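Here the structure is laid out as structure tokens; the discussion comes afterwards.
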Ligand SMILES: [Fe+2]
Ligand SMILES: [Fe+2]
């Protein structure tokens with residue numbers, strides 16, 4: 035079949051809501067876009083363990099420590115599902131991991147901010163995992179089967195992450211004056227960076243149109259951001275914290291909450307590598323990767339010998 039006929043058939047399959055599987059024909063660019071998106075997503079899950087891991091040793095109670103430990107482990111699992119799902123597109127894990135440790139592959143800008151108090155851990159659960167759910171619920175309907183299936187499982191865990199963060203923050207926001215201040219301060223610092231997690235505005239997002247056409251995404255950055263703002267306003271009110279935006283206002287005509295200007299210059303600086311923690315995050319990941327080399331070698335050798343023994347036995 036001619037190349038453009040193949041493209042046409044592919045688009046028809048997408049438009050009919052069919053799911054694309056690894057062995058199906060797909061345009062080169064669809065494959066490339068998915069590899070970029072899924073590996074960025076995987077890197078984000080792994081880097082995301084760093085700001086929270088920072089508080090495991092200092093969690094305020096054994097129970098908080100247990101929950102945080104479980105959450106951080108979940109994020110490692112998310113990274114693993116996503117690297118495995120991306121591997122079905124013909125890229126190796128080493129290539130992906132080294133692409134961001136030594137190259138310039140991106141990961142979510144949010145993880146380049148520091149966690150200064152335990153309230154940050156509460157707010158990350160509530161806002162950052164909450165934003166991830168909005169994005170990932172959409173991706174669970176993505177046209178690429180392995181990505182969509184990974185997302186379904188991940189979303190269930192993210193929902194636990196969000197609830198535990200919200201519950202902790204609610205408790206802190208109704209605690210002593212000092213605790214209330216700490217909770218509010220964390221909300222103030224994380225609110226705008228969380229809104230940036232949905233990516234640049236639609237008219238400045240070069241990949242969005244194509245991803246929507248191919249059914250990888252079904253909603254635009256701005257649509258997702260708006261639905262996140264709408265639900266966050268209610269949640270903030272319910273626990274008595276303020277969102278740090280004087281322009282937040284309910285719009286009767288649209289039925290949505292209007293919000294102020296996002297500080298995009300800051301977003302682009304963080305993306306360029308100049309966020310408060312970019313260098314430290316990469317340094318930590320590089321160190322872990324290099325110190326783990328012997329583990330990977332040992333595992334590969336073990337697998338090789340096991341296979342050899344099985345072959346001998348059969
Ligand atoms: Fe996650
Ligand atoms: Fe999470």
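In our numbering, the protein residues as written are 35 to 348.
Note that CB positions come from ideal geometry on N, CA and C, so glycine has one too.
Quick caveat, the model's predicted, so the values are computed rather than measured.
DSSP places residue 205 within a helical segment (H, G or I) once states are collapsed to three.
Note on geometry: alpha-carbon atoms of residue 110 and residue 287 lie some 43 Å from one another. By the beta-carbon neighbour count (other beta carbons within 10 angstroms, threshold 16), residue 164 is buried. In this model, residue 106 and residue 266 are separated by some 23 Å (Cα to Cα). Beta-bridge analysis with DSSP links residue 285 to 290. Here residue 54 is bridged, per DSSP, to 178. Between ligand 2 and residue 166, a heavy atom-to-CB distance of less than 7 Å is present. Of the candidates 64, 145, 202, 202 places its Cα closest to the Cα of residue 95. It is roughly 25 Å from the alpha-carbon of residue 314 to the alpha-carbon of residue 216. Membership of residue 45 in the alpha helix (DSSP H) is indicated by the continuous run 37-49.
Within the same chain, and ignoring the five residues on either side of residue 167 in sequence, the residues whose Cβ sits closer than 7 Å to its Cβ are 189, 192, 193, 196.
Taking non-hydrogen atoms of ligand 1 into account, the C-beta of residue 188 is found less than 7 Å away from one of them.
With respect to residue 155, residue 89 sits close: the two C-beta atoms are nearer than 8 Å.
According to the DSSP assignment, residue 228 belongs to the alpha helix (DSSP H) that extends over 211-230. Counting the other Cβ atoms within 10 Å of the Cβ of residue 91 gives fewer than 16, which makes it exposed. Of the candidates 312, 135, 344, the residue whose Cα lies closest to the Cα of residue 146 is 312. About 5 Å separates the Cβ atoms of residue 113 and residue 76, confirming a contact at the 8 Å cut-off.
Taking a 10 Å sphere around the C-beta of residue 144, we find 16 or more other C-beta atoms and assign the residue as buried. For the 8 Å CB-CB criterion, residue 294 and residue 303 do not form a contact.
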